[in-house]
Each structure stands twice: as C-alpha cells, then as structure tokens.
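A quick write-up on the structure given underneath.
In my numbering, the protein residues as written are 1257 to 1533.
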C-alpha cells in the first residue's frame, strides 16, 4: 500500500460477477482538490511497486484508483481456473463491475493504462461500458504475439513454469535495452501466479483487436518510446489510423513513463493543452 504524507490510501476487494475478487487501491489527497479522479489499469501481471512513485505523486493532487486485473497475485479466485476466466473480455466485464462500485469514475475522469491494461480499456470504451474524459495508453497491445520459441512452452503444464520463468527473465535481459524495464519485468515474473500467468497467456495468444474502433470517442494519447523493444511499433500505427481522437506522445524511454516526470505531459494532454506551452 502506498504511504506518504499528504494523502491517505485504502485497499478494497471488489467482487466480480463470477465470484472472483479484485483489488482496487484508492489514494486520496488529504487536502481538498478540484481535479477529476485518475484511474490506472496496469499492464500484464504488473506489480504496484513498479508504479509506486507515480501513484504517490499523483495522489497528492487528485484521487487515484489503481485497479489490479485478475491475473495479478492480489486477485482472489473462485472455482477452477480456465482460460475464459482470464480473457480480455472477462476483464472488460470486470471493469464494468468496478465502475459500478465507484460511480464517480463512470464518466468525466482521466484513465491511464499500460500494455494489457490499455488493451482492456480500449475494448471497454469501444463497447461503451463507460465514458472517459481522456485516456492515456502506454505501449498498448492490439495482439499478443509471443516469441516463437515460447509458444509450445506456454502450453506445457504449470509444473514446468518455474524454470521457464527463469528462461523468460534471461530472454528479456537480452532483448530489453532499458535497465528500469528489465528490473520491472524481472520483479513481475518472480512475483507471478504461475498458473494464472500460463492461462492468461493461452487466452491472450489468439486475441486480435478489431479495426472498427469508431465508438471510442474519448481523446486518446498513445505513449511510445523508441527504446522499448518489447512492444510493437505497429500497434501504435494501427491505433493512430483507427482511433478517431488519437494523439501521439513520444517519451524518452518506457521507464520515463513510469516516473513522476511524465505527469506534467499527461496532465497537459488531459486538460487539452498538449503539447504544453
């Protein structure tokens, strides 16, 4: 749980339509502010520690809702795990349930999501699950093309996953250029729920985003970094072409987008004054 002078935080478990419970961390400034709420949906299997600095900084000036999707270790599962329980469409239904529990985020608030979280958010907006004042997406995915060597391994029983996770960490240490990104993914993989990670990968492997995104009428910032070798540039091109209200924001690195220094850029976009004067 984030802790810092100037805001208060609480953790709530929200029950989903199938009995699962997802964690939502709410951070609220101790002083009265007039900024709209900020909702965060982190990427695949991300841990809060990787976003702590940006959450704690934002929470000084606005209320932050940090939603953890069901592949995270914080989620409480019910019944037998299946691919369908960890699908993107199930996560869209989960977002609907969360917003029903927090009516203040159903419209006129700003959303910030990354990777898988960004994909789920776009799907939810295209299905008109809720409205947003603005949407900022870091390295969104329009498909999940796992490396060829990993595809047969993903289908193996979860008992084989501990050594595979070490192999994935080694692969990412070679592929990724940014040291901060390497550290975040290593931390994420080591903290992962192995069976959920496997079933989520199996479910996401066949996903392809539709090119009809006409119902996404919110302003959308697409945040990309040239040094990010894990997320495909083709996804940004696809979304720039198909989203009605898309703006490209190029940052120095993927790590920069996890640091408080990115907040002024995002708030300039949220307030309709990007690029900042």
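Beta carbons: idealized from backbone N, C-alpha and C, even for Gly.
Every value quoted in this text rests on a predicted model; they were computed, and no experiment measured them.
Q: Whole angstroms is fine: what's the gap from residue 1458's alpha carbon to residue 1397's?
A: 16 Å
**Q.** Whether residue 1274 touches residue 1334 by CB criterion (8 Å)
**A.** In this structure, the beta-carbon distance from residue 1274 to residue 1334 falls below 8 Å.
Q: Reducing DSSP to helix, strand and coil, say where residue 1325 ends up.
A: coil
Q. First and last residue of the alpha helix (DSSP H) that includes residue 1524?
A. Per DSSP, the continuous alpha helix (DSSP H) segment holding residue 1524 begins and ends at 1519-1526.
Q: Report the residue from 1381, 1317, 1363 whose alpha carbon sits nearest the alpha carbon of residue 1347.
A: 1381
Q: Taking the CB atoms as reference points, tell me whether residue 1301 and residue 1327 lie closer together than 8 Å.
A: yes
Q) Straight-line CA distance for residue 1509 to residue 1392? A) Distance between the alpha carbons of residue 1509 and residue 1392: 16 Å.
Q. Under the three-state reduction of DSSP, which class applies to residue 1456: helix, strand or coil?
A. helix
Q | Beta-carbon proximity check, residue 1469 vs residue 1499, cutoff 8 Å | A | yes
Q: Reducing DSSP to helix, strand and coil, say where residue 1332 ends up.
A: strand
Q.
I'd like to know whether the C-beta atoms of residue 1310 and residue 1515 end up nearer to each other than 8 Å.
A. yes
(Q) According to DSSP, simplified to helix, strand and coil, what is residue 1289? (A) Residue 1289 falls in the coil class under three-state DSSP.
Q: Answer yes or no: the CB of residue 1378 versus the heavy atoms of the ligand PLP, is any distance below 7 Å?
A: This structure does not include the ligand PLP; it has no bound ligands of any sort.
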